[in-house]
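I have placed the structure first, in the form of structure tokens, so that the comments after it can refer back to it.
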Amino acid sequence: IKADKPSEEALKKTPDNVNALILRALICEKLNRYDEAVGNAIKAVTVDSSSFAATYTLGRLYSLDSRRRNDAVNLLIMANRIRPDHPYPLILLSNLHKPGQKSSYLAALSAIPEYANAPEVVFESHMNRVYNRDHRGVREAYLKLFNAYPDHPELASAIGGYFDFCRQYDVA
Numbered sequence: 075i076k077a078d079k080p081s082e083e084a085l086k087k088t089p090d091n092v093n094a095l096i097l098r099a100l101i102c103e104k105l106n107r108y109d110e111a112v113g114n115a116i117k118a119v120t121v122d123s124s125s126f127a128a129t130y131t132l133g134r135l136y137s138l139d140s141r142r143r144n145d146a147v148n149l150l151i152m153a154n155r156i157r158p159d160h161p162y163p164l165i166l167l168s169n170l171h172k173p174g175q176k177s178s179y180l181a182a183l184s185a186i187p188e189y190a191n192a193p194e195v196v197f198e199s200h201m202n203r204v205y206n207r208d209h210r211g212v213r214e215a216y217l218k219l220f221n222a223y224p225d226h227p228e229l230a231s232a233i234g235g236y237f238d239f240c241r242q243y244d245v246a
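Laid out in structure tokens, this is it:
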């Protein structure tokens with residue numbers, strides 16, 4: 075990546091620049107230098123804990139390491155509280171869920187009032203029902219979800235895909 079050296083130089087000049095730290099974290103991640111990426115993201119959060127980009131980046135990096143999943147969840151919840159209008163933290167939180175898990179992040183998120191009805195969390199809980207072959211429950215829940223969020227493009231696309239799947243395989 076061509077930006078490796080320039081980003082390193084930028085950090086030497088302004089070591090507490092949150093944007094430079096985040097950029098450096100992203101570059102190190104692309105270069106498979108995970109520990110360095112995490113170090114830069116940690117420093118960015120330390121410099122400015124109210125930065126959505128820093129908090130989300132560190133949470134996303136932690137989500138890649140199964141040993142840091144709980145830390146990832148906490149950081150992604152913080153990122154969502156900083157920018158509740160941004161869908162990425164909730165999408166990533168819901169994706170930390172693994173179908174069939176008895177105790178999952180998804181179940182924990184669903185228990186938090188501010189996340190219980192978030193479209194991304196509700197969508198993933200429906201996907202878990204698909205995994206468990208509760209197709210009738212999924213269809214009813216999808217219709218309810220679509221009525222609540224008719225302008226959510228990802229949900230509309232996923233719901234349409236699911237109904238196509240049901241028609242194609244004659245699933246009730």
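Its first residue numbered 75, the sequence shown is counted upward by one per residue in our numbering. Each residue gets a CB set at the ideal place from its N, CA and C atoms; glycine is no exception.
Alpha carbon of residue i to alpha carbon of residue j, nearest angstrom
i, j, result
"Asp139", "Gln242", "37 Å"
"Leu219", "Ser123", "33 Å"
"Tyr130", "Asn114", "13 Å"
"Gly234", "Tyr108", "37 Å"
"Leu105", "Ala77", "11 Å"
"Ile101", "Asp90", "17 Å"
"Lys86", "Leu217", "54 Å"
"Val119", "Ser125", "7 Å"
"Leu166", "Asp225", "21 Å"
"Asp238", "Arg213", "12 Å"
"Arg141", "Asp159", "29 Å"
"Asn144", "Arg157", "20 Å"
"Asn221", "Tyr236", "16 Å"
"Lys79", "Cys240", "52 Å"
"Ile151", "Ile96", "19 Å"
Spatial neighbours of residue i in its chain, beta-carbon cut-off 8 Å, leaving aside the 5 residues before and after
i, result
"Thr88", "Ala94"
Assigned exposure category for residue i - 16 Cβ within 10 Å defines buried
i, result
"Glu103", "buried"
"Gly133", "buried"
"Lys117", "buried"
"Ala192", "buried"
"Arg98", "buried"
"Ser177", "Unreliable placement is indicated for Ser177, whose pLDDT of 40 sits below 50; no coordinate value is reported for it."
Expected contact under 8 Å - CB spacing of residue i and residue j to nearest Å
i, j, result
"Tyr162", "Leu149", "With a Cβ gap of about 12 Å, Tyr162 and Leu149 do not count as contacting."
"Leu170", "Ala146", "7 Å"
"Val92", "Val121", "5 Å"
Close-in-space but distant-in-sequence residues of the same chain around residue i (CB under 7 Å, 5 per side omitted)
i, result
"Ala153", "Phe126, Thr129, Tyr130, Gly133 and Pro163"
"Glu110", "Cys102"
Same chain, Cβ closer than 6 Å to residue i, five either side skipped, listed in chain order
i, result
"Glu82", "none"
"Ala84", "Ala94"
"Arg155", "none"
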